[in-house]
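Heads up, the thing below is written out as C-alpha cells.
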Amino acid sequence: MEDLSPGTSTRVSCSAFVDSSPISMDSSPRAKDLDMSKEALILTSMDPRAPFAGKKHLCIHPLTKRSQLSQISTSNSITPSSLNSMDFSKWVLLLLIPCLFIPRSCLCSSRLGLTPEELARIPVEFLNLAQKPEIVDYMVGIRRRIHEYPELGFEEFETSKLVRSELDRMGIQYKHPLAVTGVVGYIGTGKPPFVAIRADMDALEMEESVEWEHKSKVPGKMHACGHDGHVAMLLGAAKLLQGRLDELQGTVVLVFQPAEEGGGGAKKMIDDGALENVDAIFGLHLSVKFPIGAVATRPGPILAACGFFEAVISGKGGHAAIPQHTIDPVVAASNVIISLQHLISREADPLDSQVVTVAKIEGGGAFNVIPDSVTIGGTFRVFSMDGLIQLKQRIEEVIMRQASVQRCNATVSFSVKPFYPPTANHKALHEHFKNVARDMLGPDNILGMEPLMGSEDFSFYTEVIPGYFYYVGMKDESLGKMEAGHSPHYRLNEDALSYGAALHAALATRYILENQQKSDILENQQKSDAAKESSHDEL
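In this text, residue positions in the sequence shown follow numbering that gives the first Met the number 0: the first is 0, and each later residue adds one.
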C-alpha cells in the first residue's frame, strides 16, 4: 500500500478551484504529478478532455483564510509554511473525489441543465414558430404538391425525391434508400440520445371525389388518409429543429416511411436499419374525430393487431333449376360466413375485443347458374399477437370444415404481407407526451380515447423499441362535415399542420434534453461510485 502520510508524494487526477477560478501553477511535462502536504495540494488533471489538462492546479481546504490564499497565489512554490497546519486526513478524500469526477460540462457551463420553467417554454416556442406564415406556407405547399401526385406503397419515388430535395436544402444528412423508397434523416450531434419521429408517405387506390384546385392528377389514386400532411409536418418539424440545433445535445432521426397501408413498410424500414441506435420513436395521425388544437391518445394498447384472409370454396356448378345435380359453393360460403361470426360471439372473451369481418364475396355471373366456386375474403383484429395467432387458426378450421359439411373443398390463404402487431404506447413515453402536450396546448386539450380496432404498422416499431402514437385533431365546425379517412370525400384541414410539426419538434427536443441530463447524472454517479471504491482500495 502506498504511503499517504503528509509530506510524501503520489499520483492523483483532479481539477482544483479557489473562489471559482483555477489557481494555475507551473506546468509539468509529466501527466500525473501531485505534491501533497498538510496544507495544500498541487494537482494535475489526467483527463485530456478536461479544461487545463496537463497543468498543475491548487486544491485548498475550504477553511483556509483569504490572507493565506493571497500568499499562495503569488508564490511559485508551495511549502508547508504557506498555510496553517491542518489534519490532512480530515479533508483530503472530500477534496479529491468530487474534483476528480466533475464532468466537463459542469466545468464549462454555469448550469447543469434547463430549469422546469425553461423546459416548459420549449413546446410553446415551437408552436409559435410553427404558426409563423413562412412555416405554414412551406408545409401547405409541400402537402399540396404531394397530394396532386399520390403514389401507392413502395412506389413513392417522386415523394421520396421531394423529401430528399428538401432535406438537401436544409443541409440535413440522410440515408436512402431504405425499404425501396424510404428516407432517414439525422439532425443534431450524431451522438446519443437518439429519438425518432416518423411520417408515412403512401396513398390509397381510389378516385378522389373532392373538387378543388389541388385534386389528385393521378387517376385511381388519392391521398385519402392524410399521409401527404404527415410528410409535410415532418419536414416542417425538420425546419423547426434546424433552427435550434444548439439545444440538440443528441440526435433526432427523421423517418420517412413507405407502404403503411397494408404493405408493412415499417417492418422493412427496421430490417434496413432505420432504428439503428434509436432509443424511442414518436408517430402521429391526423384525425377528423377530434377538434383542432387538441390531441387524443392513451397509454398501453391503442390500435389492434391485424391479419387478412382469403378462401376459395369449390363445388360443382350447374343450372339453378336442378340444384340436386350440383354441389353448391354459394350455400357452403354462406354457412362459412355465419360460422365465422360465432368465433367472436361464442368463443372470444366478451371483455377481450375481437373482430372477424368477411368483406369480399365473389361467385357466379348469372341469375340462373350455380357457380363452380366462390371466393370470400376478410380481416380479423385483436389486441394481442397470441390472440391473433389463435384466431387465424380457428378461421382456417371453420372454413375447411364448414365447406366439407356441404361436400365442397376449400383452400385458405393468409396475406403474404406481414400481420400487423397491436400498437401499444409505452407508459413512460405517455407521461413524457402528456407533459409536452400540456405545456403546448393546455391540459383541457389532451383528450383520452378508447382503443380502436384499426391497425397501424407503427406497431412494428413499438415491438422493437419504446414507441408512442397519438392523434392530432383537425375538426373545425366552420368547415362543415369532414369525412373520415379512406373516403373519396376525405379533406384535410391544413390548419392542423402547425400543431403536428410543433409536437414532433417539441417531443424530440424535450426527450433529448431530459434524457441527456439523466444520462449525465447516471454517468457521474457511476464515476463517483468507482472513485469511492478505488479510494477505499488505496487506503
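We treat Cβ as the ideally placed atom computed from N, Cα and C, and that holds for glycine.
query, result
"Sorted by chain position, which residues of the same chain lie with C-beta nearer than 6 Å to Leu-128's C-beta, five sequence neighbours on each side aside?", "Leu-239"
"Taking the straight line between their C-alpha atoms, what separation do you get for Pro-244 and Gln-130?", "In the sequence as displayed, the identity of residue 244 is Leu instead of Pro. Near 19 Å, if we compare the C-alpha coordinates of Gln-130 and Leu-244."
"For the alpha helix (DSSP H) containing Gly-140, list its first residue and its last residue.", "132–147"
"Could you tell me which whole alpha helix (DSSP H) segments of length 4 or greater appear in the stretch 145–189?", "156–169"
"What are the start and end residues of each continuous alpha helix (DSSP H) run of 4 or more residues lying completely inside the stretch 452–512, in chain order?", "458–463"
"Hey, would you say Gly-249 sits closer than 7 Å to Gln-515, going by beta carbons?", "yes"
"Taking the alpha carbon of Pro-487 as the point to measure from, which residue in Ser-215, Leu-274, Met-268 has its own alpha carbon closest?", "Ser-215"
"Inspect the CB distances between the stretch 285–303 and the stretch 391–404 and report whether three or more fall short of 8 Å.", "no"
"So, at 7 Å on beta carbons, what are the nonlocal neighbours of Met-448 in its own chain, with the 5 sequence-adjacent residues on each side left out?", "Ala-295, Thr-296, Arg-297"
"Compute the Euclidean distance between the alpha carbons of Pro-257 and Thr-180, then round it to the nearest angstrom.", "6 Å"
"Just verifying my parser: in three-state terms, what is the DSSP assignment at Glu-124?", "helix"
"Which residue's Cα is closest to the Cα of Pro-132: Glu-532, Asp-494, Ala-504?", "Asp-494"
"If you measure between the beta carbons of Phe-413 and Phe-255, is that distance less than 7 Å?", "no"
"Hey, how far is the Cα of Ser-159 from the Cα of Lys-266?", "18 Å"
"From the DSSP output, read off the bridge partner residues of Ala-295.", "Leu-446, Tyr-470"
"What separation, rounded to the nearest whole angstrom, lies between the Cα atoms of Gly-219 and Val-435?", "40 Å"
"Give the C-beta separation of Val-381 and Val-329 to the nearest angstrom, bearing in mind that I take them to be a contact with Cβ-Cβ under 8 Å.", "Contact doesn't hold; Cβ gap of about 29 Å is too wide."
"Taking the Cβ atom as the reference point for each residue, do Pro-465 and Ala-304 lie within a distance shorter than 7 Å?", "no"
"Between Arg-163 and His-175, is the Cβ-Cβ spacing less than 7 Å?", "yes"
"Any idea which residues DSSP pairs Ile-375 with across the strands?", "Ala-310, Ile-360"
"Have a look at Leu-274, Glu-513, Lys-531, Arg-490 and flag the residue whose alpha-carbon is nearest the alpha-carbon of Glu-210.", "Arg-490"
"In the DSSP output, which residue or residues are listed as bridge partners for Asp-199?", "Gln-256"
"If you draw a straight line from the C-alpha of Arg-393 to the C-alpha of Leu-342, how long is it?", "8 Å"
"Taking Asn-424 as part of the beta strand (DSSP E), name the residues at either end of that continuous run.", "422–424"
"Would you mind reading off the limits of the beta strand (DSSP E) that contains Ser-286?", "279–290"
"Less than 7 Å separating the beta-carbons of Tyr-467 and Phe-281?", "yes"
"What would DSSP say about Gly-316, mapped onto helix, strand or coil?", "coil"
"Alpha carbon to alpha carbon, how far is Ala-402 from Glu-154?", "39 Å"
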